[in-house]
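>
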Amino acid sequence: TTVLRLTSFPDGYSREAYNLPEGANVAAYPDRGWCFCEASWAALVKDSRKLLDLGLDTGEKSRWAELQAQCRQRRRAPLPPDEFAAALESKGFTNGKCDRPLVADLYRAGF
4 TTVLRLTSFP
14 DGYSREAYNL
24 PEGANVAAYP
34 DRGWCFCEAS
44 WAALVKDSRK
54 LLDLGLDTGE
64 KSRWAELQAQ
74 CRQRRRAPLP
84 PDEFAAALES
94 KGFTNGKCDR
104 PLVADLYRAG
114 F
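Position in the sequence shown (from 1) plus 3 gives the number in the numbering used here.
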């Protein structure tokens with residue numbers, strides 16, 4: 004299975020074009036708690052050839068192999084659960100009171 008992440012939007016993307024509800028988490032991808040968690044899980048188990056960041060796509064590649072090469076991400080060393088939980092403190096959640104401890108517990112269980 005290939006993990007596709009969209010860590011940035013294409014040039015010209017307008018957040019105002021969408022009718023987001025008040026309180027929606029509009030933080031950048033690296034600052035979002037669930038995104039950080041999902042990327043961390045994927046890096047634990049996926050080969051780097053299966054971790055693609057479509058935010059790196061320039062729109063110039065027309066073949067899958069070229070797109071894979073352009074968007075491939077290096078795997079980070081996994082964070083121990085305590086360091087992961089500490090990193091979560093700086094991440095945004097729509098419902099941080101409930102989600103932050105839940106995400107930390109899920110990561111610890113999967114680690």
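We put the beta carbon where it would ideally sit given N, CA and C, even for glycine.
Being a predicted model, the structure only gives us computed values, none of them experimental.
So what's R77 in DSSP terms, helix, strand or just coil?
R77 falls in the coil class under three-state DSSP.
> Would you check if the segment 28-38 and the segment 75-88 touch, i.e. whether three or more CB-CB distances between them fall below 8 Å?
No: the two stretches stay apart, fewer than three of their Cβ pairs being nearer than 8 Å.
> By Cβ distance, which residues of its chain are closer than 6 Å to R79, with the 5 residues on each side in sequence left out?
Cβ within range, chain order: A46.
> For the segment 64-75 against the segment 97-114, are there 3 or more C-beta pairs whose distance is under 8 Å?
Counting Cβ pairs under 8 Å, fewer than three are found: no touch.
> Which same chain residues, not among the five before or five after K94, have their C-beta less than 7 Å away from its C-beta?
Around K94: D34, R35, G36 and F39.
> Using the Cα positions of Q76 and G113, report the straight-line distance between them to the nearest angstrom.
Near 21 Å, if we compare the C-alpha coordinates of G113 and Q76.
> Among residues of its own chain, excluding the 5 on either side of D60, which ones have a beta-carbon nearer than 7 Å to its beta-carbon?
Counting only Cβ-Cβ distances below 7 Å, and skipping sequence neighbours, we find L70, Q73 and C74.
> In whole angstroms, give me the CA-to-CA distance for L55 and T4.
Answer to the nearest angstrom: the Cα atoms are 11 Å apart.
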